[in-house]
Amino acid sequence: MQKYKYNPSSLVADEFICHDEVVESIEFAQHHKNDIELLKQILKKAREEKGLSHREALLLLMNDLPEINQQIKKLAKQIKLDFYGNRIVLFAPLYLSNYCVNGCTYCPYHAVNKNMPRKKMTQQEIESEVIALQDMGHKRLALELGEHPVMNPLDYVLESIDTIYKIKHKNGSIRRVNVNIAATDEKSYTKLKDAGIGTYILFQETYNRERYEKLHPTGPKHDYNRQTEAMDRAMRGGIDDVGIGVLFGLSTYLYEFTALLMHVEHLKTVFNVGPHTISVPRLRPADGINPALFADCISDDIFVKIIACLRIAVPTAGMIISTRESKETRERALELGISQISGGSKTSVGGYSNPNDENNDSAQFDICDNRTLDEIVYWLLENGHIPSFCTACYRKHRTGEQFMKLCANKSIHHFCHPNALLSLQEYLTDYASSQTKTLGEKVIAQEVAKLPDASAKFVLQHLADIKEGKGRDFYL
Ligand code: SAM
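For the sequence shown, the working numbering assigns the number 14 to the initial residue and increments by one for each residue that follows.
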């Protein structure tokens, strides 16, 4: 195996995700495991809220000293509050097509799975899905597609984005479309940016090259470099908000955690801006997929500790947890740094407009949190979070470096908090159950009382406008 030297500024996958550096970091952390003095120093640095290196964060993750772990939890929560407040942004995935040419062994969409009925939505079907999502109250979507150059070409994705943005049903509208499609070329990324997408999301699946190549035996996704260097192409193509993640369970979590943070270091070094979001998907049972076959599944305790350590290591990144996780796990994760969650999700093509399709046979994987969006909103409110449907930042061109600057100096709250409250009021007025509406309006009143005068005035004015039906979509 060729030797590479870790170089975060390199554009070569094996240099910025350097296998030897990952292995040496794990050995170093094992050697210094539970070194209380070192851990205290790292925590002291972490309290400055400027992030940690991959090695420092790994030492936190690997320690098993109860007093240090208590401090990690407390700090992760504090950092979440300092950078993202008590707001939790809500979104839903929208599966457009499950045609796929790849051979990902853990995903039922893989090309050789003949049990999976293949579906690709027409623009009319997309319209029905979007109306169903708008009627739930969603404003932000993540588009999901298998990779299939013939069935799902980029033009189909672009046309679908255009369709989605144009649909206005009652007071509904989708105001931010994030896109999770296979790695592509720079020109295609530019076209996605021009189509008005929010974040481009791509999970690395696993950063371990050997494992990656084994788990992706066929199809264009087999190419580890194409996958690992995709965010660089996206950035060069003009997408400055990128969302990274690994699929936990595919390789050892220590490897993934370390490499993920090296990816963050690379993006910061080369583009001066870290990932807009970090997702933490975990492998789920799916048609023909038994997660037990993947030896690297992680326990809930390790999973939430990973979340806490990522939060501390990358304070400015939004952190996403999906309905792959149970209510209980999500509750724990929300206390440790998560800032975005999905709700009321379906992972099948056409699942929102055909909810009674008992077979749900085009579903990508089993969902663990099956609650409705209204139940999720109520639960968030009950637990002291502010559910937010805000999509203002990218519409106000607060993206990439600009967003990160505002986030890093903790001034993003001045925009996000008023916007979150107004978007929540829209939800309460247009879609909520009476129980959720009552609780939500009480919480909004408490939050408005904490705002500076100018923001409070702006919010109060538009809260009234929303309630009186004078308008929607007010934001700073
Ligand atoms: N096709 C796109 C690509 O190649 O990147 C992404 C779309 S896919 C619908 C979204 C993500 O689902 C994948 O990146 C993978 O991490 C995740 N996924 C696949 N199989 C899964 C499973 N069995 N359990 C949980 N997540 C899974």
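Cβ coordinates follow ideal geometry from the N, Cα and C atoms, glycine included.
Check, Outcome
"How is the alpha helix (DSSP H) around Val317 delimited, first residue to last?", "Asp313 to Ala326"
"Of all the beta strand (DSSP E) runs that stay within the bounds of the stretch 80-106, which reach a length of 3 or more residues?", "none"
"Any idea what DSSP makes of Thr451, helix, strand or coil?", "helix"
"So, helix, strand or coil for Lys132, using DSSP?", "coil"
"I want to check one thing, is the minimum distance from the CB of Tyr431 to the heavy atoms of ligand 1 below 7 Å?", "Sequence check: residue 431 is Pro here, not Tyr. Not under cutoff, so the answer is no."
"Is Ile194 near ligand 1, in the sense that its beta carbon is under 7 Å from a heavy atom of that ligand?", "yes"
"So the candidates are Glu199, Ala196, Asn47 and Thr176; which of them puts its Cα closest to the Cα of Arg188?", "Thr176"
"Who are Arg295's beta bridge partners in DSSP?", "Phe261"
"Please report the residue range of the beta strand (DSSP E) in which Ser355 lies.", "Gln353 to Ser355"
"Helix, strand or coil for Tyr268 per DSSP?", "helix"
"Quick one: what does DSSP say Ile178 is sitting in, helix, strand or coil?", "For the sequence presented, residue 178 should be read as Tyr rather than Ile. Helix, per DSSP."
"Do Leu88 and Ile334 come within 8 Å of each other at the CB atom, strictly closer than that value?", "no"
"Using the three-state DSSP reduction, which class does Ser401 fall into: helix, strand or coil?", "strand"
"Express the C-alpha separation of Asp466 and Gln84 in angstroms, rounding to a whole number.", "35 Å"
"Does the Cβ of Met14 have 16 or more other Cβ atoms within 10 Å, making it buried, or fewer, making it exposed?", "exposed"
"Does the stretch 423-439 come close enough to the stretch 460-474 that 3 or more CB-CB pairs lie under 8 Å?", "yes"
"Quick one: using the 10 Å Cβ neighbour count with 16 as the cut-off for buried, is Leu280 buried or exposed?", "buried"
"Please classify Val143: is it buried, with 16 or more other beta-carbons within 10 angstroms of its beta-carbon, or exposed?", "buried"
"How many angstroms separate the CA atom of Ala2 from the CA atom of Leu167?", "Residue 2 cannot be examined here, being either before or after the span of the chain that is shown, 14 to 489."
"Do three or more CB pairs link the stretch 256-265 to the stretch 383-400 at distances below 8 Å?", "no"
"Reducing DSSP to helix, strand and coil, say where Leu109 ends up.", "strand"
"What residue range is occupied by the uninterrupted alpha helix (DSSP H) comprising Ala469?", "Asp466 to Lys480"
"Pick helix, strand or coil for Ile39, following the three-state DSSP scheme.", "helix"
"Going by beta carbon distance, what residues of the same chain come within less than 7 Å of Asp33, once the five residues before and after it are set aside?", "Lys16 and Tyr17"
"Does ligand 1 have even one heavy atom less than 7 Å from the beta-carbon of Cys120?", "yes"
"If I measure Cβ to Cβ from Val125 and keep anything under 7 Å in the same chain, skipping five residues before and after, which residues do I get?", "Gly116"
"Count the other CB atoms, across all protein chains shown, that sit within 10 Å of the CB of Phe41; report buried if there are 16 or more and exposed otherwise.", "exposed"
"Would DSSP call Arg249 helix, strand or coil?", "helix"
"Where do the ends of the alpha helix (DSSP H) carrying Arg343 lie?", "Lys340 to Leu347"
"Could you name the residues of the same chain whose beta carbon sits closer than 8 Å to that of Ile49, not counting the 5 residues immediately before and after it, in chain order?", "Leu78 and Ile81"
"Just grab the DSSP bridge partners of Arg188 for me.", "The partner list for Arg188 (beta bridge, DSSP) is empty, contrary to what the question assumes."
"Taking the straight line between their C-alpha atoms, what separation do you get for Val293 and Val317?", "10 Å"
"Going by beta carbon distance, what residues of the same chain come within less than 6 Å of Glu338, once the five residues before and after it are set aside?", "Cys381"
"Which two residues bound the contiguous beta strand (DSSP E) that contains Ile333?", "Gly331 to Ile334"
"Among the residues of its own chain, which have a CB less than 6 Å from the CB of Ile311, if the five just before and after it don't count?", "Phe261 and Tyr266"
"Going along the chain, which residues of its own chain have a beta-carbon closer than 7 Å to the beta-carbon of Ile55, five neighbours each way excluded?", "Leu65, Glu69, Leu72 and Leu73"
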